[in-house]
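Asks:
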Amino acid sequence: MQPFLNQIWIARWPLWEGFLLTIEVASAAILFGTVLGCICGIQLVYGPAIIRIPFRVYVDVMRGTPVLVLILAAFYIPSVAGVNLSATQAGILALSLFAGAHIGELMRGALQAIPPGQAEAARSIGLTFPQTLAYVLLPQALRSALPPWINTGVELIKGSSLLSIIGVGELLLKTQEVIGRTFLTIEFYVFAGALYLLANIFLDQLGKAIERRVQGR
Numbered sequence: 000m001q002p003f004l005n006q007i008w009i010a011r012w013p014l015w016e017g018f019l020l021t022i023e024v025a026s027a028a029i030l031f032g033t034v035l036g037c038i039c040g041i042q043l044v045y046g047p048a049i050i051r052i053p054f055r056v057y058v059d060v061m062r063g064t065p066v067l068v069l070i071l072a073a074f075y076i077p078s079v080a081g082v083n084l085s086a087t088q089a090g091i092l093a094l095s096l097f098a099g100a101h102i103g104e105l106m107r108g109a110l111q112a113i114p115p116g117q118a119e120a121a122r123s124i125g126l127t128f129p130q131t132l133a134y135v136l137l138p139q140a141l142r143s144a145l146p147p148w149i150n151t152g153v154e155l156i157k158g159s160s161l162l163s164i165i166g167v168g169e170l171l172l173k174t175q176e177v178i179g180r181t182f183l184t185i186e187f188y189v190f191a192g193a194l195y196l197l198a199n200i201f202l203d204q205l206g207k208a209i210e211r212r213v214q215g216r
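Counting from 0, one number per residue, gives the positions in the sequence shown under numbering that gives the first Met the number 0.
1) Could you tell me the distance, in whole angstroms, from the CA atom of Trp12 to the CA atom of Thr174?
2) Report the residue from Asn5, Pro2, Gly40 and Ala98 whose alpha carbon sits nearest the alpha carbon of Val153.
3) Hey, would you say Leu94 sits closer than 7 Å to Leu14, going by beta carbons?
4) State whether the segment 45-63 contacts the segment 185-192, with contact taken as three or more CB pairs (one from each stretch) at a distance under 8 Å.
5) Please go through the segment 133-195 and give each complete alpha helix (DSSP H) segment of 4 or more residues, from N-terminal end onward.
6) With a threshold of 16 other CB atoms inside 10 Å of the CB of Leu19, please say whether the residue is buried or exposed.
7) Rank Pro129, Asn5 and Glu104 by C-alpha distance to the C-alpha of Thr33 and give the top, closest one.
8) Among Ile70, Cys37, Gln42 and Glu23, whose alpha-carbon lies nearest the alpha-carbon of Leu162?
9) Is the beta carbon of Ala100 sitting closer than 7 Å to the one on Arg62?
10) Assuming Leu92 contacts Leu84 under a Cβ cut-off of 8 Å, what Cβ separation, rounded to an integer in Å, is found between them?
11) Contact defined as beta carbons within less than 8 Å: I believe Leu43 pairs with Arg107. What is the distance between those atoms, to the nearest angstrom?
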């Protein structure tokens, strides 16, 4: 145990930097994925057919594609098209597309679960469709979609570990670098797993606190 503790102290800054990058990448993906998912959900429910079709294809393809394949595609395909993305940018892009598809499907279900009478009542008092969406429909949809949204955030934190395959210096890659120097394989993988678990527990508790607040409990 003492050699392991000594090595953790020696490697504390690389591991901390990797952990912070994991949180930053996951947070960016959650943010961009939520915006994209809200747009997808709205278009899937209220958009004309010509708009719904490409959004439906996007959601189905992204949800049916493994995250690792998305990461590799986001890393290599833009460079072929002449767009140079760093490994971190490509990772955020892949995770955002993944999150956007899942959140889009969540929002579609949440919006369709709202009774049609509420939209009709909003129109009867003179609200435009954007006003109805902003003041009546979206607040209810976001409230009901919050618990599965938390699960998507947890999946993104875990999925960020796959970014090591393209050289993103997140927690797993930094852990592997330390293992290559110390040969303390089990100890450092358990330590990294504990850090991922703490991040997921924090996100879960934060989401539950937000849920209690929006529900007035």
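Built from N, CA and C at the ideal position, the CB exists for glycine as well.
This one's a predicted model, so the numbers in the text were calculated from it and none came from an experiment.
Replies: To lay it out plainly:
1) Start at 1 with the first residue of the sequence shown, and residue 12 comes out as number 13. Start at 1 with the first residue of the sequence shown, and residue 174 comes out as number 175. Spanning the two alpha carbons is a distance of roughly 11 Å.
2) Counting from one through the sequence shown, the residue named residue 153 turns up at place 154. Selected option, being the one with the closest Cα: Ala98.
3) Translated into positions along the sequence shown, residue 94 becomes position 95. Translated into positions along the sequence shown, residue 14 becomes position 15. Contact: no.
4) no
5) 137-158 and 170-181
6) Looking up residue 19 in the sequence shown gives position 20. Leu19 comes out exposed.
7) As a working note, residue 33 is residue 34 in the sequence shown. For the residues Pro129, Asn5 and Glu104, the minimum Cα distance to Thr33 belongs to Glu104.
8) Your numbering for residue 162 matches position 163 in the sequence shown. Ranking Ile70, Cys37, Gln42 and Glu23 by Cα distance to Leu162 puts Ile70 first.
9) By 1-based counting over the sequence shown, the position of residue 100 is 101. By 1-based counting over the sequence shown, the position of residue 62 is 63. Contact: yes.
10) Within the sequence shown, residue 92 is the residue found at index 93, counting from 1. Within the sequence shown, residue 84 is the residue found at index 85, counting from 1. Their Cβ separation, rounded to whole angstroms, is 7 Å, which keeps Leu92 and Leu84 in contact under 8 Å.
11) On the sequence shown, residue 43 is found 44 positions in, with the first residue counted as 1. On the sequence shown, residue 107 is found 108 positions in, with the first residue counted as 1. About 4 Å; that satisfies the 8 Å criterion.
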